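Student: Chains as they are written, first to last, in the working numbering: chain H, 1 to 54; chain E, 55 to 543. Cβ atoms here follow ideal geometry from the backbone N, Cα and C, with glycine treated the same way. Computed from a prediction, not measured in an experiment: that's the story for all the values here. One structure coming up, written as structure tokens, with questions to follow.
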Amino acid sequence: MSKKAEHNIKAYGNNFTTMTPGPFAIKLRTCKIWQFIRFIVINIKMLVVVRKSH
Amino acid sequence: MARLVVLGGGVSGHTAATFAAKWLGSAHEVVVVTPNSKWNWIPSNIWVGVGEMSKEEVTFDLAPVYAKAGINYKQAKALSINPEGSELLNKPFVTIEYTLAGREGMTENVEYDYLINATGPKLNFGATPGLGDANGLGEFTVSVCTADHAVHANEEFQKCIQKMKKGERQKFLIGTGHGLCTCQGAAFEYIFNIEHELNKAGVRDMADLKWISNESFLGDFGVGGLHMKSMGFAVSSKIFAESLFTERNVDWIIGAHVNKVEKGKVSYELLDGSMGEEEFDFSMLIPPFAGVGLKAYAKDGTDITATVFAPNGFMKVDANYSAGAYENWRASDWPKTYQNPTYGNMFACGIAFAPPHPISKPMSSPNGTPINPTPPRTGMPSGIIGKAVAHSICDRILQGENAPLHEASMAHMGAACVASAGKGIFDGTAAAMTIYPVVPDFEKYPGTGRDTDYTFGEIGLAGHWIKHILHHLFIWKAKLKAGWTLIPE
Numbered sequence: 001m002s003k004k005a006e007h008n009i010k011a012y013g014n015n016f017t018t019m020t021p022g023p024f025a026i027k028l029r030t031c032k033i034w035q036f037i038r039f040i041v042i043n044i045k046m047l048v049v050v051r052k053s054h
Numbered sequence: 055m056a057r058l059v060v061l062g063g064g065v066s067g068h069t070a071a072t073f074a075a076k077w078l079g080s081a082h083e084v085v086v087v088t089p090n091s092k093w094n095w096i097p098s099n100i101w102v103g104v105g106e107m108s109k110e111e112v113t114f115d116l117a118p119v120y121a122k123a124g125i126n127y128k129q130a131k132a133l134s135i136n137p138e139g140s141e142l143l144n145k146p147f148v149t150i151e152y153t154l155a156g157r158e159g160m161t162e163n164v165e166y167d168y169l170i171n172a173t174g175p176k177l178n179f180g181a182t183p184g185l186g187d188a189n190g191l192g193e194f195t196v197s198v199c200t201a202d203h204a205v206h207a208n209e210e211f212q213k214c215i216q217k218m219k220k221g222e223r224q225k226f227l228i229g230t231g232h233g234l235c236t237c238q239g240a241a242f243e244y245i246f247n248i249e250h251e252l253n254k255a256g257v258r259d260m261a262d263l264k265w266i267s268n269e270s271f272l273g274d275f276g277v278g279g280l281h282m283k284s285m286g287f288a289v290s291s292k293i294f295a296e297s298l299f300t301e302r303n304v305d306w307i308i309g310a311h312v313n314k315v316e317k318g319k320v321s322y323e324l325l326d327g328s329m330g331e332e333e334f335d336f337s338m339l340i341p342p343f344a345g346v347g348l349k350a351y352a353k354d355g356t357d358i359t360a361t362v363f364a365p366n367g368f369m370k371v372d373a374n375y376s377a378g379a380y381e382n383w384r385a386s387d388w389p390k391t392y393q394n395p396t397y398g399n400m401f402a403c404g405i406a407f408a409p410p411h412p413i414s415k416p417m418s419s420p421n422g423t424p425i426n427p428t429p430p431r432t433g434m435p436s437g438i439i440g441k442a443v444a445h446s447i448c449d450r451i452l453q454g455e456n457a458p459l460h461e462a463s464m465a466h467m468g469a470a471c472v473a474s475a476g477k478g479i480f481d482g483t484a485a486a487m488t489i490y491p492v493v494p495d496f497e498k499y500p501g502t503g504r505d506t507d508y509t510f511g512e513i514g515l516a517g518h519w520i521k522h523i524l525h526h527l528f529i530w531k532a533k534l535k536a537g538w539t540l541i542p543e
């Protein structure tokens, strides 16, 4: 799992120049406590955009 | 008593009709003409297409909802508009043809004082040989554009999973089926749901996934891409998308105009003029959109379709259709009130209005084939525009013909978008994004064209939870249940 995303990069292929998430970034995406915080933050951000759009 | 006729019962038409009925009350009449008996929350068709939801979970019957709202519902399709009336009828009217069981094929002229054209698109499968024909989807690919299409897509998908479980490798090709498609976001969401389900079924290692699209770069999404604030950088959606595709081991072909579909194979032309072929065992390709083919006639019966509609079949509104080359495009080209310039009592909203030009830079191959996304006008902008148009018409009915029109330009409006993979509460992930404004304004926001304080994106469970909430929230709102007016578009 540690560097799984890196293994998908093909030298000089389509995806050779992109960035890939490391284990910590991937862990954060499913960490329930962190994601609960992000849930609040994203909701606030979306509500601000919705308010600006009406 | 004034009569407002709304053509179409999708996100934009339904929003316009329900708010108009609420604001006008029983003193005036709101008529909805739509060929469908059910309302469909289209974003969740993606989940139907991988077997995570049933058709019944993303649709509901329109008749009881419109009965509750006091809306006169006609299950029919519009054929033509007579904005000046005819030699027999003095008032403007729409000619409709019923699709309601028992009345199929019967026609009727429905007079109106105000008209909203919110018909949505014609799914133009016939534009690409083999993708389909005038009757709809062909036999070689699947679609998630309607709930029925999504049910069929899942049936084919499950067959592939069974083959993989028996040791047969399968190739999945997902994307756009023509050089001038829009809705890349739907295909983007579908390919990652496919990938998620393959993992869940334990057959991911037996599958090759490939993306094919008319975008000139991955992450264009029909809005010319976007820059999102992340880790202190303004990061292009190209980086964001390429990273996700790489992480999930999905290869891609971009700048592609699919020009032919055969059994198990597509042929395409790229922006550099080269031709290619790609084989597949399962393919979901979004068709291009066109207007539904409404005609318009003057009082004396003269065909004035070209006056009312753009060549692509979408209705002309208060946009600048003569902007010309990309270098001349301005945010102000985009319509604000959605009023038809010839007939002031006609408006268009959602996909039905003719955009002034694409949002993504227009491109073509050396052979002259145009290959660029056409502008998306779905989801949140579609609902906001529908509500603004309804507001304008209600003001004119209640306050007089000179009441000022409400504005909802896509160049001054943002959009929130969540592309989710999986359906489980804790085993799904989503890319959640906001974009402000939808149409970039390079004069106001030099460089990126957008306000990076309000344009962001991130991947994780949080966005996935929001996707779940949005599904239930918008169906609740569309059913006009308690507090529906408090839920924003």
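If you draw a straight line from the C-alpha of residue 62 of chain E to the C-alpha of residue 171 of chain E, how long is it?
Tutor: Those two C-alpha atoms are separated by around 7 Å.
Student: Could you tell me the distance, in whole angstroms, from the CA atom of residue 233 of chain E to the CA atom of residue 457 of chain E?
Tutor: Approximately 42 Å between the Cα atoms of the pair.
Student: Should residue 1 of chain H go down as buried or exposed, given a rule of 16 or more other Cβ atoms within 10 Å for buried?
Tutor: Model confidence at residue 1 of chain H stands at a pLDDT of 46, short of 50, so the residue's coordinates are unreliable; what they give is reported in the following sentence. Classification of residue 1 of chain H: exposed, given that the 10 Å Cβ count is below 16.
Student: By alpha-carbon positions, which one of E:396, E:408, E:276 and E:250 ends up nearest to residue 365 of chain E?
Tutor: Cα-wise, what sits closest to residue 365 of chain E is E:408.
Student: Can you say whether residue 36 of chain H is buried or exposed, counting buried as having 16 or more other CB atoms within 10 angstroms of its CB?
Tutor: It counts as exposed.
Student: Report yes or no: do the stretch 468 to 487 of chain E and the stretch 440 to 456 of chain E share at least 3 C-beta pairs separated by less than 8 Å?
Tutor: Verdict: no, contact absent.
Student: Just tell me which of E:515, E:148 and E:182 has its CA closest to the CA of residue 43 of chain H.
Tutor: Nearest of E:515, E:148 and E:182 to residue 43 of chain H, Cα basis: E:515.
Student: Compare the Cα-Cα distances from residue 244 of chain E to each of E:476, E:500 and E:526 and report the closest residue.
Tutor: The shortest Cα separation from residue 244 of chain E among E:476, E:500 and E:526 belongs to E:476.
Student: Taking Cβ-Cβ distances below 7 Å as the criterion, which residues of the stretch 287 to 319 of chain E are in contact with chain H?
Tutor: The stretch 287 to 319 of chain E vs chain H, Cβ under 7 Å: 293, 296, 297, 299, 300, 301, 303, 305 and 306.
Student: Taking residue 75 of chain E as the reference, which of E:338, E:59 and E:351 has the closest Cα?
Tutor: Of E:338, E:59 and E:351, the residue nearest in Cα terms is E:59.
Student: Does the distance from the C-beta atom of residue 99 of chain E to that of residue 112 of chain E stay below 8 Å?
Tutor: Taking 8 Å as the Cβ cut-off, residue 99 of chain E and residue 112 of chain E qualify as a contacting pair.
Student: Any beta carbon of chain E sitting closer than 8 Å to that of residue 21 of chain H?
Tutor: So, interface residue.
Student: Does the stretch 426 to 440 of chain E come into contact with the stretch 189 to 196 of chain E, if we say contact requires no fewer than three beta-carbon pairs (one atom in each stretch) closer than 8 Å?
Tutor: Cβ pair count under 8 Å is below three, so no.
Student: Can you give me the C-alpha to C-alpha distance between residue 236 of chain E and residue 450 of chain E, rounded to a whole angstrom?
Tutor: Answer to the nearest angstrom: the Cα atoms are 34 Å apart.
Student: What three-state label does DSSP hand residue 51 of chain H in the structure shown?
Tutor: Reduced to three states, the DSSP call for residue 51 of chain H is helix.
Student: Residue 307 of chain E and residue 264 of chain E - do their beta-carbons sit closer together than 8 Å?
Tutor: Yes, Cβ-Cβ distance for residue 264 of chain E and residue 307 of chain E is below 8 Å.
Student: Leaving aside the five residues before and after residue 510 of chain E along the sequence, list all residues of the same chain whose C-beta is less than 8 Å from its C-beta, in chain order.
Tutor: Answer for residue 510 of chain E: 282, 283, 284, 487 and 488, listed in chain order.
Student: With 8 Å set as the bound, which would you pick, yes or no: does the beta-carbon of residue 29 of chain E sit closer than that to a beta-carbon of chain H?
Tutor: Any question about residue 29 of chain E goes unanswered here, given that chain E covers just 55 to 543.
Student: Say whether chain E places a C-beta atom closer than 8 Å to the C-beta of residue 5 of chain H.
Tutor: Yes, residue 5 of chain H counts as interfacial toward chain E.
Student: Which residues of the stretch 460 to 494 of chain E have a Cβ closer than 7 Å to any Cβ of chain H? Give them in chain order.
Tutor: Listed by position along the chain: 467, 468, 470, 483, 486, 488 and 490.
Student: Between residue 293 of chain E and residue 148 of chain E, what straight-line distance do the alpha-carbon atoms span, to the nearest angstrom?
Tutor: Spanning the two alpha carbons is a distance of roughly 48 Å.
Student: Start and end of the beta strand (DSSP E) containing residue 251 of chain E?
Tutor: No beta strand (DSSP E) contains residue 251 of chain E, which is instead part of the alpha helix (DSSP H) from 238 to 254.
Student: Got a sec: which bits of the stretch 505 to 532 of chain E sit with their beta carbon under 8 Å from any beta carbon on chain H, in order along the chain?
Tutor: Flagged, chain order: 508, 510, 512, 513, 514, 515, 516, 517, 519 and 520.
Student: Jot down the residue ranges of each uninterrupted beta strand (DSSP E) in the stretch 245 to 312 of chain E, minimum 3 residues, whole runs only, in chain order.
Tutor: Counting only runs of 3 or more, we get 261 to 266, 281 to 284, 287 to 290 and 305 to 307.
Student: Report the residues of the stretch 422 to 446 of chain E with a CB closer than 9 Å to any CB of chain H, ordered along the chain.
Tutor: Going along the stretch 422 to 446 of chain E in chain order, one finds 434, 435, 438, 441 and 442 with a Cβ nearer than 9 Å to chain H.
Student: Can you list, in chain order, the residues of its chain whose CB lies under 8 Å from that of residue 527 of chain E, leaving out five sequence neighbours each side?
Tutor: The residues are 541.
Student: Pick out whichever of E:55, E:156, E:199 and E:94 has its Cα sitting closest to the Cα of residue 165 of chain E.
Tutor: Closest by alpha carbon: E:55.
Student: Could you check where the alpha helix (DSSP H) with residue 120 of chain E kicks off and where it finishes?
Tutor: It spans 116 to 123 - the alpha helix (DSSP H) in which residue 120 of chain E sits, taken as one unbroken run.
Student: Should residue 27 of chain H be flagged as near chain E, meaning a C-beta pair shorter than 8 Å?
Tutor: By this cut-off, residue 27 of chain H is not an interface position.
Student: Which residues, in order along the stretch 34 to 54 of chain H, keep a beta-carbon less than 9 Å from a beta-carbon of chain E?
Tutor: Listed by position, the residues of the stretch 34 to 54 of chain H near chain E (Cβ gap below 9 Å) are 34, 35, 36, 37, 38, 39, 40, 41, 42, 43, 45, 46, 47, 48, 49, 50, 51, 52, 53 and 54.
Student: DSSP puts residue 57 of chain E in a beta bridge; with which residues?
Tutor: DSSP lists E:83 as partners of residue 57 of chain E.
Student: Kindly indicate which residue of E:78, E:200, E:117 and E:313 has the alpha-carbon position closest to the one of residue 108 of chain E.
Tutor: Selected option, being the one with the closest Cα: E:200.
Student: Compare the C-beta of residue 542 of chain E against all C-beta atoms of chain H and say whether one is closer than 8 Å.
Tutor: Closer than 8 Å to some Cβ of chain H, the Cβ of residue 542 of chain E qualifies, so yes.
Student: For residue 532 of chain E, count neighbouring Cβ atoms within 10 angstroms of its own Cβ and tell me buried if that reaches 16, exposed if not.
Tutor: Result: buried.
Student: Determine the burial state of residue 49 of chain H: buried for a count of at least 16 other Cβ atoms within 10 Å of its Cβ, exposed for fewer.
Tutor: So residue 49 of chain H counts as buried.
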